[in-house]
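Q: Residue numbers 171 to 431, in my numbering, belong to the letters of the sequence shown in order. For each residue, glycine too, the CB sits at the ideal point set by N, CA and C. Predicted model only: the values in this text are computed from it and were never measured. Here it is, the structure in full.
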Amino acid sequence: MFGIVKIRHEEKPRYEVTRFPVGGCRNIIEEQEGVSFKMKKLFITGTDTGVGKTLVAAGLLHALAQQGKRVLGVKPLASGAEMTPQGARNDDALLLQSAMNVEVPYETVNPLLYEQPMAPHLAAQSLGQTLSVEALMASMQPALAIETDYTVVEGVGGWLVPLNPRETVADFAKTLGFDVILVVGMRLGCLNHALLTHQAMVAAGLHCAGWVANIIDNNMLALEENLADLQGLLPVPLLARVPFLEVPTPEQAATYFSELP
Ligand SMILES: Nc1ncnc2c1ncn2[C@@H]1O[C@H](COP(=O)(O)OP(=O)(O)OP(=O)(O)O)[C@@H](O)[C@H]1O
Ligand SMILES: [Mg+2]
Numbered sequence: 171m172f173g174i175v176k177i178r179h180e181e182k183p184r185y186e187v188t189r190f191p192v193g194g195c196r197n198i199i200e201e202q203e204g205v206s207f208k209m210k211k212l213f214i215t216g217t218d219t220g221v222g223k224t225l226v227a228a229g230l231l232h233a234l235a236q237q238g239k240r241v242l243g244v245k246p247l248a249s250g251a252e253m254t255p256q257g258a259r260n261d262d263a264l265l266l267q268s269a270m271n272v273e274v275p276y277e278t279v280n281p282l283l284y285e286q287p288m289a290p291h292l293a294a295q296s297l298g299q300t301l302s303v304e305a306l307m308a309s310m311q312p313a314l315a316i317e318t319d320y321t322v323v324e325g326v327g328g329w330l331v332p333l334n335p336r337e338t339v340a341d342f343a344k345t346l347g348f349d350v351i352l353v354v355g356m357r358l359g360c361l362n363h364a365l366l367t368h369q370a371m372v373a374a375g376l377h378c379a380g381w382v383a384n385i386i387d388n389n390m391l392a393l394e395e396n397l398a399d400l401q402g403l404l405p406v407p408l409l410a411r412v413p414f415l416e417v418p419t420p421e422q423a424a425t426y427f428s429e430l431p
């Protein structure tokens with residue numbers, strides 16, 4: 171049985187935010203008990219479901235860990251679980267966990283898990299539950315309380331996946347307030363999806379730290395022309411161009427980052 175974990179809201183930390191004009195990542199200087207440390211917090215979204223958010227997020231975690239950074243990956247909401255001797259597990263969360271270097275319980279990486287691999291609000295509905303930004307934020311408190319150099323959160327599906335009739339993943343991203351990385355699954359239709367998603371995140375007042383071209387269609391026609399168009403049209407840095415990988419692993423994906431956020 172899976173369900174929503176209710177955790178009491180804790181007092182929000184105090185932040186001092188420095189914005190870079192284009193691209194780059196905001197430095198979040200967090201103060202706790204008089205000690206301040208820099209944390210970078212990133213939200214990974216994509217042009218659709220199945221476009222490589224998890225692979226790119228895990229690749230980024232691996233690349234940052236190789237540079238000696240303390241990194242945590244989070245998949246706050248997942249649908250699709252396998253039963254293991256340790257309990258129910260989600261593939262995305264396990265891949266993120268394999269690439270990060272902070273030891274935390276599985277439930278901190280993936281606090282909300284639904285068994286059925288379907289749109290998460292429908293999976294919740296099938297159990298008589300309702301998802302909400304408030305519930306997601308509450309479930310993420312243990313992860314947000316962990317001191318890291320980078321906390322990388324993977325979204326669910328695309329940018330406007332509904333949580334309930336009034337809220338979407340975009341509202342969750344907005345409430346988190348993290349910088350966003352857009353993973354573009356390079357295939358026919360990606361120009362429209364990439365531009366719509368970028369426009370929506372800007373309209374939400376969020377800062378896009380960059381985008382990743384993830385080549386999921388090995389036979390895409392006019393790939394170079396599509397890439398050139400996106401580089402011209404998206405006003406944020408291209409952080410990585412990940413080719414179609416025969417064996418897509420975080421270690422492999424990590425090698426294609428030309429710029430780290
Ligand atoms: N560059 C690539 N080369 C080959 N396979 C890839 C590549 N990127 C992603 N894949 C594969 O495509 C599938 C979907 O990728 P991934 O799970 O990262 O997508 P996602 O956007 O996180 O999906 P979801 O919306 O379900 O979370 C996985 O099997 C992954 O290994
Ligand atoms: Mg995923």
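1) Determine the burial state of ASN388: buried for a count of at least 16 other Cβ atoms within 10 Å of its Cβ, exposed for fewer.
2) Under 7 Å, do VAL350 and VAL339 count as touching if we go by C-beta distance?
3) For the candidate residues ALA233, ASN362, MET288 and LEU301, whose alpha-carbon lies nearest to that of PRO281?
4) Just confirm the distance between the C-beta atoms of TRP329 and ALA370, as a whole number of angstroms; I'd bet it's less than 8 Å.
5) Could you give the residue range of the alpha helix (DSSP H) that holds THR367?
6) Under 6 Å from any heavy atom of ligand 2, does the C-beta of ASP218 make it?
7) Heavy atom of ligand 2 less than 6 Å from the Cβ of LYS223, yes or no?
8) Could you spell out where the alpha helix (DSSP H) holding MET253 opens and where it closes?
9) Have a look at VAL279 and GLN236 and give me their C-alpha separation to the nearest angstrom.
10) Check each candidate in PRO431, MET270 and VAL274 and name the one with the smallest Cα separation from HIS377.
11) Helix, strand or coil, according to DSSP, for THR278 in the structure here?
12) Using 10 angstroms around the beta-carbon of VAL412, count the other beta-carbons present and answer buried if the total reaches 16, otherwise exposed.
13) My understanding is that MET356 touches ILE385, with C-beta atoms under 8 Å, so please give their C-beta distance in whole angstroms.
14) Using a Cβ-based criterion (distance less than 6 Å to any ligand heavy atom), does LEU230 qualify as near ligand 1?
15) Note down, in chain order, each residue of its chain lying with its Cβ closer than 6 Å to the Cβ of VAL382, except the 5 sequence neighbours on either side.
16) Figure out for me which residue from ALA228, GLY220 and HIS363 has the closest Cα to the Cα of ALA424.
17) LEU306 and PHE348: beta carbons closer than 7 Å?
18) Looking at the unbroken alpha helix (DSSP H) that takes in LEU409, where does it start and where does it end?
19) Alpha helix (DSSP H) containing ALA343: first to last residue?
20) At a threshold of 6 Å, does PRO281 count as lining ligand 1 (C-beta to nearest heavy atom)?
21) Rank ALA233, ALA248 and ASN334 by C-alpha distance to the C-alpha of LEU242 and give the top, closest one.
22) Beta-carbon within less than 7 Å of ARG240's beta-carbon, same chain only, minus the 5 sequence neighbours each way: which residues are those?
A: On the basis of the data shown:
1) Against the sequence shown, residue 388 aligns to sequence position 218. Flag for ASN388 reads exposed.
2) Against the sequence shown, residue 350 aligns to sequence position 180. Against the sequence shown, residue 339 aligns to sequence position 169. No.
3) In the sequence shown, the residue the question calls residue 281 occupies position 111. Measuring from the Cα of PRO281, the nearest candidate turns out to be LEU301.
4) The residue you call residue 329 lines up with position 159 of the sequence shown. The residue you call residue 370 lines up with position 200 of the sequence shown. Yes, they are in contact, since the Cβ atoms of TRP329 and ALA370 sit about 5 Å apart, within 8 Å.
5) The sequence position of residue 367 within the sequence shown is 197, counting from 1. Looking at the DSSP string, the run of the alpha helix (DSSP H) that includes THR367 is 360-373.
6) Mapped onto the sequence shown, residue 218 falls at position 48. Flag unset: Cβ of ASP218 not near ligand 2.
7) Reading the sequence shown from its first residue, position 53 is the one you call residue 223. Result yes, Cβ under 6 Å from ligand 2.
8) Here residue 253 corresponds to residue number 83 of the sequence shown, with the count starting at 1. Per DSSP, MET253 belongs to no alpha helix (DSSP H); it is in the beta strand (DSSP E), 252-254.
9) In the sequence shown, the residue the question calls residue 279 occupies position 109. In the sequence shown, the residue the question calls residue 236 occupies position 66. Approximately 20 Å, taken between the alpha carbons.
10) Walking along the sequence shown from the start, residue 377 turns up at place 207. Relative to the Cα of HIS377, the nearest Cα in the group PRO431, MET270 and VAL274 belongs to PRO431.
11) Numbered from its first residue, the sequence shown carries residue 278 at position 108. It is helical.
12) Position 242 of the sequence shown, counted from the first residue, corresponds to residue 412. Label assigned to VAL412: buried.
13) Counted from its first residue, the sequence shown places residue 356 at position 186. Counted from its first residue, the sequence shown places residue 385 at position 215. Indeed they touch by this definition, with Cβ atoms about 5 Å apart.
14) By 1-based counting over the sequence shown, the position of residue 230 is 60. LEU230 Cβ: outside cutoff for every heavy atom of ligand 1.
15) Counting from one through the sequence shown, the residue named residue 382 turns up at place 212. The beta carbon of VAL382 sits closer than 6 Å to the beta carbons of VAL226, VAL353, LEU409 and ALA410 from its chain, once the five residues preceding and following it are set aside; these are given in chain order.
16) As a position in the sequence shown, residue 424 is number 254, starting the count at 1. Of the residues ALA228, GLY220 and HIS363, the one whose Cα lies closest to the Cα of ALA424 is ALA228.
17) Working through the sequence shown from its first residue, we reach residue 306 at position 136. Working through the sequence shown from its first residue, we reach residue 348 at position 178. Result no, Cβ atoms of LEU306 and PHE348 do not sit closer than 7 Å.
18) Counted from its first residue, the sequence shown places residue 409 at position 239. Where LEU409 is concerned, there is no enclosing alpha helix (DSSP H), although the beta strand (DSSP E) around it starts and stops at 408-412.
19) Counting from 1 along the sequence shown, the entry for residue 343 is found at position 173. It spans 339-346 - the alpha helix (DSSP H) in which ALA343 sits, taken as one unbroken run.
20) Indexing the sequence shown from 1 puts residue 281 at position 111. False, no ligand heavy atom lies under 6 Å from that Cβ.
21) Position 72 of the sequence shown, counted from the start, is the residue given in the question as residue 242. Measuring from the Cα of LEU242, the nearest candidate turns out to be ALA233.
22) Reading the sequence shown from its first residue, position 70 is the one you call residue 240. The residues ASN271, VAL272, THR318 and ASP319, in chain order, have a CB closer than 7 Å to that of ARG240 in the same chain once the five nearest residues on each side in sequence are set aside.
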